[in-house]
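Trainee: Below is one structure. I have some questions about it.
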Amino acid sequence: ASNEIWSLTKMMFFGRVSTVARTPLRPRCNIAARHRFLIGPTDTTWACARSYTSVNASDLADRVKRVLDAKASSGLSYDDLAAKMGVTNTYCAQLLLGQSKLTPLTAAKLSEALPSISESDLDSMQTEFPMRTFDNEVLKEPNVYRTYEAVTHYGEAIKALINEQCGDGIMSAIDFYCDVGTTIGKHGEKRVVITFNGKFLPFIEQKSEDNGAKSPRE
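Numbering-wise (our numbering), the sequence shown opens with residue 2 and increments by one.
Structure below.
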């Protein structure tokens, strides 16, 4: 499971990864942007890093692996760790995957829960601003794609319900909580429950008298 999580993490940060042992990937970007890293104990490959000038994708992916290794060694689930940190289980995963910024108060709780995380990794999780994005290749992962498909398939109906219940606006994904859980169906099957809890943001009427930063006219 740890190797599967690491492979998915590398897809998020690097793009498509070759699964053939010791087979170089031919990236569609400049060869100078390629980074070498380990898939497993003996298997090495190449991947094309994203072209962000402000983020070292290789360093970030290495940090994520170290943090996930610390979680795996602890035996704690995301629910266990989230309870200790006082955050939702999804936000806990986001923090470990480098998709959210760690606050000092939560950093102290994370350090107590996972003491094997180094001070330098804890520091970078607090001081570096995340590049909150994803690689399109991650949508080829069935679990991710089915969630994406569910949101897009029901998207127009969800919009109609939000408009009817709240008015003309959107659900925030910043003032937002996400929680993943399970329940048991009436036939005894396990079912996945994903809760989105976002602040409603109404579209404003752009009244000229309220515009405090008008463009200059020359």
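Where is the CB? At the ideal position from N, CA and C, for every residue including glycine. Treat the numbers as computed from the prediction; the structure is a model and nothing was measured.
Determine the extent of the beta strand (DSSP E) in which Ser173 is found, giving its start and end residues.
Mentor: Looking up residue 173 in the sequence shown gives position 172. Residues 170 to 185.
Trainee: Measuring only the C-alpha atoms, how far is Thr54 from Glu165?
Mentor: Residue numbering aside, residue 54 sits at position 53 when the sequence shown is read from its first letter. Residue numbering aside, residue 165 sits at position 164 when the sequence shown is read from its first letter. Each residue's Cα considered, the two are about 43 Å apart.
Trainee: Evaluate Lys191 with the Cβ neighbour count: other Cβ atoms within 10 Å of its Cβ, from every protein chain shown; 16 or more gives buried, anything less gives exposed.
Mentor: Here residue 191 refers to the residue found at position 190 when the sequence shown is read from its first residue. With fewer than 16 Cβ atoms within 10 Å of its Cβ, Lys191 is classed as exposed.
Trainee: Alpha carbon to alpha carbon, how far is Ser125 from Leu115?
Mentor: Stepping through the sequence shown from its first residue, residue 125 is reached at position 124. Stepping through the sequence shown from its first residue, residue 115 is reached at position 114. Taking the straight line joining both Cα atoms gives about 16 Å.
Trainee: Judging by CA-CA distance, which residue of Ser119, Pro203, Ala94 is the nearest neighbour of Ser173?
Mentor: The count along the sequence shown starts at 1 and reaches residue 173 at position 172. Ranking the options by Cα distance to Ser173, first place goes to Pro203.
Trainee: Compute the distance between the beta-carbons of Arg64 and Gly99, then report whether it is under 8 Å.
Mentor: Here residue 64 corresponds to residue number 63 of the sequence shown, with the count starting at 1. Here residue 99 corresponds to residue number 98 of the sequence shown, with the count starting at 1. Yes, these two residues count as a Cβ contact at 8 Å.
Trainee: Does the distance from the C-beta atom of Leu82 to that of Cys93 stay below 8 Å?
Mentor: Here the question's residue 82 lines up with position 81 in the sequence shown. Here the question's residue 93 lines up with position 92 in the sequence shown. Cβ distance < 8 Å, so Leu82 and Cys93 count as in contact.
Trainee: In the DSSP assignment, find the alpha helix (DSSP H) that holds Asn164 and state where it starts and stops.
Mentor: For this step, residue 164 is matched to residue 163 along the sequence shown. Taken as a continuous stretch (DSSP letters only), the alpha helix (DSSP H) holding Asn164 covers 156 to 167.
Trainee: Does Gly199 get closer than 8 Å to chain B when you measure Cβ to Cβ?
Mentor: The chain labelled as chain B is not found in the depicted structure, where only one protein chain is given.
Trainee: Identify, in the order they occur along the chain, each residue of the same chain with its Cβ nearer than 8 Å to the Cβ of Gly87, setting aside the five sequence neighbours on each side.
Mentor: Translated into the one-based positions of the sequence shown, residue 87 becomes position 86. The answer, listed in chain order, is Thr107, Lys110.
Trainee: Taking only the alpha-carbon atoms, compute the straight-line gap between Leu61 and Gly213 and give it to the nearest angstrom.
Mentor: Working through the sequence shown from its first residue, we reach residue 61 at position 60. Working through the sequence shown from its first residue, we reach residue 213 at position 212. Their Cα atoms are separated by approximately 40 Å.
Trainee: Answer with buried or exposed for Lys72, where buried requires no fewer than 16 other C-beta atoms within 10 angstroms of its C-beta.
Mentor: Position 71 of the sequence shown, counted from the first residue, corresponds to residue 72. Under this definition Lys72 is a buried residue.
Trainee: Rounded to whole angstroms, what's the CA-CA distance from Ala22 to Pro143? Just pull it up for me.
Mentor: Walking along the sequence shown from the start, residue 22 turns up at place 21. Walking along the sequence shown from the start, residue 143 turns up at place 142. With a pLDDT of 38 at Ala22, under the threshold of 50, the modelled position of this residue cannot be trusted; read the value that follows with caution. Cα-Cα distance, rounded: 23 Å.
Trainee: Assuming Lys222 is part of the beta strand (DSSP E), what are its boundary residues?
Mentor: Shown here, the chain extends from 2 to 219; a query on residue 222 therefore has no answer.
Trainee: I'd like the span of the alpha helix (DSSP H) that includes Arg64, first residue to last.
Mentor: Reading the sequence shown from its first residue, position 63 is the one you call residue 64. Unbroken alpha helix (DSSP H) run through Arg64: 58 to 75.
Trainee: Measuring CA to CA, which of Thr134, Arg147, Leu103, Val139 is closest to Thr128?
Mentor: Numbered from its first residue, the sequence shown carries residue 128 at position 127. Taking only the C-alpha atoms, the option nearest Thr128 is Leu103.
Trainee: For Lys85, report the span of its alpha helix (DSSP H) as first-last.
Mentor: Residue mapping note: residue 85 aligns to position 84 of the sequence shown, counting from 1. Element bounds for Lys85: 79 to 86.
Trainee: Which class does Glu206 belong to by DSSP, given the choice of helix, strand or coil?
Mentor: Indexing the sequence shown from 1 puts residue 206 at position 205. Glu206 falls in the coil class under three-state DSSP.
Trainee: According to DSSP, simplified to helix, strand and coil, what is Leu103?
Mentor: Along the sequence shown, read from residue 1 onward, the residue named residue 103 stands at position 102. Coil.
Trainee: In this structure, does DSSP put Leu96 in helix, strand or coil?
Mentor: Mapped onto the sequence shown, residue 96 falls at position 95. Reduced to three states, the DSSP call for Leu96 is helix.
Trainee: Is the beta carbon of Val193 sitting closer than 8 Å to the one on Asn90?
Mentor: Position 192 of the sequence shown, counting from 1, holds the residue named residue 193. Position 89 of the sequence shown, counting from 1, holds the residue named residue 90. Not a contact, by the Cβ cut-off of 8 Å.
Trainee: Could I get the ranges of all uninterrupted beta strand (DSSP E) runs contained in the region 121 to 161, with 3 residues as the minimum, in chain order?
Mentor: If we require 3 residues or more, the region 121 to 161 turns out to have no beta strand (DSSP E) run fully inside it.
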